[in-house]
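Written below as structure tokens is the structure these notes are about.
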Amino acid sequence: MPYLHPMTAPRTADARPTRHLTVAALIALVVVYLAVIQGIGWLMSRGLDAQYAAPTTIDELWRGMTFSIALSVVLVYAVVAYLRWWRPVWVDDRPVQRWLIVVPILMLVSILVVTDYSGLAAHGVAFTALLLLTCLLVGLGEETMFRGIAVTCFRTNNFSEGRVALWSTVIFGVAHASNIISEGSKAFIQVVATIIAGYFFYIVRRRTHGLLVPVILHGLWDFSLISGQTTPGESHPIAVLAILTMVVLAIILVIRRHHIEPAAPGVVSH
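Encoded structure:
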């Protein structure tokens, strides 16, 4: 891979140097990552009359989502292993102020309320378990790719933390424009919503000092939304709460934008 070369520091626990990833190589990696998800997903789901992220049977679920997403996770972790980025991907040493715990808390409340429990019960345990596994794989793959590899890439290329947040979330959002294949023009609305959600997950990564909580939260967030789309012909209006949660969190973060980074020594944060 022409854009990768060994770094002299930092070193991993076995004293081998990590490798460096340029921004150009990151973009190329994202393209390959999307090609796996969209390309394999398209091949596997040919002949299925299913809407995007709205599986109604186990067959639609594993062919349309699970298989390609699992392959994307394998790709992402092959890259992490090659770069020897296990610690910088999974551990975050750049904290934010404590009040930002409100972000994962409000998102968790939304998840608990929005999940369509009756719809899932009608589909049965096997479908529900596979949907949960699939969504957790989405969380694992996307958080590792965008809050793990992308964030680490921008940091090691000496971007300011503000630009790390900006570009990692923008790339995350723009990547979802690839859903235009299955969603058409609605994919552009998803891009904006995903950029906002991506910033929330970035904050959660820093607030919880690593990738584990964002992975789980992301997976459960998607699970709650998809659960309401699994029954043909039935709407799930309570899902609007997820949108309201994002709006409220966005307003809070804009108002308190100067109280995100840790206060300087001797300065009291309000």
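Following my numbering, the numbering of the sequence shown begins with 41 at its first residue and continues without gaps.
Beta carbons: idealized from backbone N, C-alpha and C, even for Gly.
Note that this is a predicted model, so its numbers are computed, not measured.
Cα-Cα separation between residue i and residue j, rounded to whole angstroms
i, j, result
"V142", "G268", "25 Å"
"R127", "A190", "14 Å"
"A303", "S275", "45 Å"
"R297", "R246", "15 Å"
"W125", "S158", "42 Å"
"V71", "V287", "30 Å"
"P277", "T62", "44 Å"
"V114", "I283", "31 Å"
"V214", "L146", "25 Å"
"L206", "C193", "13 Å"
Bridge partner(s) assigned by DSSP for residue i
i, result
"V131", "G250"
Buried or exposed by the 16-neighbour rule on C-beta atoms within 10 Å, applied to residue i
i, result
"I151", "buried"
"P135", "exposed"
"P42", "Low confidence applies here, because P42 scores a pLDDT of 41, under 50, leaving its location unreliable; read the following figure in that light. Under this definition P42 is an exposed residue."
"G202", "exposed"
"G81", "buried"
"I67", "exposed"
"D156", "buried"
"V57", "Note that residue 57 is Pro in the sequence shown, not Val. The residue is exposed, with fewer than 16 neighbouring Cβ atoms inside 10 Å."
"L83", "exposed"
Integer-rounded CB distance, given that residue j should sit under 8 Å from residue i
i, j, result
"R59", "Y122", "7 Å"
"F241", "H216", "The pair is not a contact, with the Cβ atoms about 13 Å apart (cut-off 8 Å)."
"F212", "I235", "7 Å"
"L265", "A279", "6 Å"
"M185", "Y92", "Rounded, the Cβ-Cβ distance is 19 Å, inconsistent with contact."
### Message
Just to confirm the assignment: which complete beta strand (DSSP E) runs, minimum length 3, are found wholly within the region 253-295?
### Response
none
### Task
Run through the region 73-146 for me and flag every whole beta strand (DSSP E) of 3 or more residues, listed as ranges in chain order.
none
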